[in-house]
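Accompanying notes for the structure given below.
Numbering (this note's numbering), first residue to last: 1481 to 1851.
Next comes the structure, spelled out in structure tokens:
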């Protein structure tokens, strides 16, 4: 950990256990490792509320803050602050902001790819990036409007704001903030040092515990660590498409990998069948994993076997309400799903092989070989 960040944290009465340290690990970047044996329940990190970067702490520490900023959600404000102060050595937050990733660090994230490079990625990645870019552009315009409304002479440059926006997107933690609108985008905080913790896909048993208390954000060990072990934090049960698009990394043999077959199924549905699924709350978001199709996917495949009608077919209604196991649809579902996955497998095989495509191919090949 850079000495200026460590000094700043200590001045704010943050607590970093002497049993852990930051270390650069090839292929993983800055990471937190144990330097001594650690037992479950050991308090590892405490970051005081004043050193948690969010829209509440920004109000009392950033000189350019104006009431106009209240129009922005947390993600927008955080990205704006990083853009404005990342090079301001006199700013309160500089020791933290100066440690954030550079523009070059995000070159592998699909949001920063050229349209040509993006075409070499699976459709699920392209779809995710399309939505992500729309959100970013909306945020960029919202920030520019607020700066204009406040008669600010400050101009923000597109690429600088994009880098700041991705810093927030990839490093923020959820924290309920008083006065928020209740959405995830308005309940974000950035936590110095805690953001050095890399992701584990193995679930709660492999992850530290993070609590928000009256004092601040507290990190506690859940398991035993030997000297040299990496301390990890579970970001959630995410597949490699999500991890790549949101964080810029992937995990080999990710247990949460899925294959999105939404477009393939939507193309098969009639207008009336789509209306039925929409009424039932099952239109879109169709995936399969190594265990097979999700329940949403099963419902959509079952709907394909029902003749188009104005109402909800009784069999489909019973399936969705749990009064039927859908056995009458099983044979037809398997046939259509096999056809979709065989086509999907050929499509994926034409793309460059990486953790995303490899994980998807493992799923499609496993499921098509079951027939």
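Backbone N, C-alpha and C fix where the C-beta goes; we use that ideal spot for every residue, glycine too.
- Checking the DSSP bridge columns, you'll see residue 1527 partnered with 1697.
- Residues of the same chain with a CB within less than 8 Å of the CB of residue 1846, apart from the 5 flanking positions on each side, are 1770 in chain order.
- The beta carbon of residue 1825 sits closer than 8 Å to the beta carbons of 1841, 1844, 1845 and 1848 from its chain, once the five residues preceding and following it are set aside; these are given in chain order.
- Spatial neighbours of residue 1735 in its own chain (CB-CB distance under 7 Å, excluding positions within 5 residues in sequence) are listed in chain order as 1681.
- Annotation for residue 1583: 1643 place their beta carbon closer than 6 Å to its own, counting only its chain and skipping 5 residues before and after.
- Burial of residue 1753 is indicated by the presence of at least 16 other C-beta atoms within 10 angstroms of its C-beta.
- Secondary structure at residue 1555: helix, using DSSP grouped into helix, strand and coil.
- For the beta strand (DSSP E) assignment, the uninterrupted runs of no fewer than 3 residues enclosed by the segment 1757–1798 are, from N- to C-terminal side, 1767–1769.
- For residue 1685, the closest C-alpha among the options 1714, 1693, 1495 and 1662 is that of 1714.
- Annotated three-state conformation of residue 1684 is helix, per DSSP.
- For the set 1797, 1540, 1740 and 1772, the Cα lying nearest the Cα of residue 1783 is the one of 1797.
- Around the CB of residue 1617, fewer than 16 other CB atoms lie within 10 Å, so the residue is classed as exposed.
- In the three-state reduction of the DSSP assignment, residue 1503 falls in the strand class.
- Taken in chain order, the unbroken stretches of alpha helix (DSSP H) that lie wholly in the segment 1536–1613 and span 4 residues or more are 1554–1565, 1574–1577 and 1595–1598.
- Contact check for residue 1634 against residue 1564 passes: the beta carbons are separated by less than 9 Å.
- If you compare the alpha carbons of 1773, 1751 and 1762 with that of residue 1739, the shortest gap goes to 1773.
- Relative to the Cα of residue 1728, the nearest Cα in the group 1492, 1493, 1823 and 1509 belongs to 1509.
- No residue range can be given for residue 1830, since it is assigned to no beta strand (DSSP E) and is classified by DSSP as neither H nor E.
- Contact check for residue 1812 against residue 1804 fails: the beta carbons are separated by 9 Å or more.
- No Cβ-Cβ contact shorter than 9 Å links residue 1757 with residue 1788.
- The beta carbon of residue 1574 lies closer than 7 Å to those of 1565 and 1568 in the same chain, with the five residues before and after it left out.
- Judged by pairs of C-beta atoms under 8 Å, the segment 1694–1701 touches the segment 1522–1535, as three or more such pairs exist.
- Closest in alpha carbon position to residue 1746, among 1776, 1733 and 1731, is 1776.
- Residue 1514 has 1500 as its beta-bridge partners, per DSSP.
- Under DSSP, residue 1678 forms a beta bridge with 1712.
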